[in-house]
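Have a look at the structure below, then the notes.
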Amino acid sequence: MSIILEKYTIQESVISFSKNLIRKHLFYLIKSIPYSDQNSRKWLLFLPEKENEDLELIYTYLLLKINNEKGIYLGENQSLNSILECIENTQITHIFIYISKNYDSSSLEIYLESIKKNLPNVTIFVATYAVLKEKITEKVPYINVNNPTAFNSYLQKIMTM
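Read left to right, the sequence shown gives residues 707 to 867 (our numbering).
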């Protein structure tokens with residue numbers, strides 16, 4: 707969605723209005739899906755600091771809820787401290803991070819390393835608009851997904867485990 711809004715010349719106010727309308731509808735759908743206790747997986751979804759495009763993240767949260775997955779949606783512009791506090795007090799099994807095309811690879815590397823240090827068994831997904839041109843870090847394994855279909859296929863595999 708963000709790519710579409712960037713591609714065409716649209717007034718800033720129309721873009722803002724459209725994003726907020728879509729955001730409200732996605733959260734309405736998320737809230738309408740009953741909480742599921744069918745599995746022990748728990749997802750943490752967030753955007754790192756200076757990342758503000760959350761529509762794709764909200765859509766992912768909806769996809770998880772539709773598939774009876776438990777999740778904690780922290781939202782945009784999350785500091786490393788807030789992430790570490792959250793994982794310290796919850797039993798997170800999977801992490802979903804969304805980054806824009808202008809992400810800061812050195813700060814993202816610090817996020818990934820800190821998360822993995824605190825949760826060595828967590829599976830980390832890093833979602834982007836396009837396939838990453840270069841690896842963020844060699845020290846931490848992560849899965850790069852760049853479209854909903856790719857993520858959904860991973861999700862289906864996880865659910866059958």
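The C-beta atom is built at its ideal place from N, Cα and C for all residues, glycine as well.
Check: Let's see if you can read the secondary structure: which residues bound the beta strand (DSSP E) around E791?; Outcome: Per DSSP, E791 belongs to no beta strand (DSSP E); it is in the alpha helix (DSSP H), L786 to N795.
Check: Going by DSSP, which residues form a beta bridge with V832?; Outcome: I803 and N850
Check: Using a Cβ-Cβ cut-off of 6 Å (strictly less than) and excluding sequence neighbours within five positions of N774, which residues of its own chain qualify?; Outcome: S742 and Q744
Check: Between P854, M865 and S812, which lies nearest to T843 when the distance is taken from Cα to Cα?; Outcome: S812
Check: What does the alpha-carbon distance come out to for the pair E718 and K822?; Outcome: 38 Å
Check: Reducing DSSP to helix, strand and coil, say where L825 ends up.; Outcome: coil
Check: Output yes or no for whether 9 Å exceeds the beta carbon distance between L688 and L763.; Outcome: Not covered by the structure: residue 688. The range shown for the chain is 707 to 867.
Check: Please work out which residues of its chain come closer than 8 Å, Cβ to Cβ, to R729, disregarding the five sequence neighbours upstream and downstream, and give them in chain order.; Outcome: D760, L761 and I764
Check: Grab me the residues of T829's own chain with a C-beta within less than 6 Å of its C-beta, minus the 5 sequence neighbours each way, in chain order.; Outcome: H800
Check: Please classify T766: is it buried, with 16 or more other beta-carbons within 10 angstroms of its beta-carbon, or exposed?; Outcome: buried
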